[in-house]
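Residue 62 in the working numbering sits at position 59 of the sequence shown; the count goes up by one each step and never skips. Where a beta carbon is used, it is the ideal one built from N, C-alpha and C, also for glycine. The block underneath contains the structure these notes are about, expressed in C-alpha cells.
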Amino acid sequence: MEKIGYILITTFYLLVSYLTLQNIEQFYPDGLLVLLIYSGVFILFLKVLNERLNNQEDDYYSKEINK
Numbered sequence: 004m005e006k007i008g009y010i011l012i013t014t015f016y017l018l019v020s021y022l023t024l025q026n027i028e029q030f031y032p033d034g035l036l037v038l039l040i041y042s043g044v045f046i047l048f049l050k051v052l053n054e055r056l057n058n059q060e061d062d063y064y065s066k067e068i069n070k
C-alpha cells in the first residue's frame, strides 16, 4: 500500500507539473519558478511522510498510551 501511495503521489506531481508547463507562455523565468516551487513542496511532503511512517515512537504512543 505504501508503494502504491508513493506512486500515486509521484504521478500526481508529474501531471500537475506537466499541465502547469503547458499553460505558461514563456517557460523562463516564470515557469522555472513555478516548477521549483512545486518540486520543493513535493520533496518536503515526501520527507515528512517518510519521517512519519518510519517513526516508531509515534506508533508506540498512538497504539499504547491512548488506550
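Report the option in the options whose CA atom is closest to the CA atom of residue i.
i	options	result
LEU38	LEU24, PHE48, ILE10, ASP61	LEU24
SER42	ASP61, LEU18, TYR63	LEU18
LEU36	GLY8, LYS50, PHE48, SER20	SER20
LEU11	ASP61, ARG55, ASN26, LEU49	LEU49
Quick one: grab the DSSP three-state call for residue i.
i	result
ASN26	helix
ASN53	helix
Are the Cβ atoms of residue i and residue j separated by less than 8 Å?
i	j	result
TYR16	PHE45	yes
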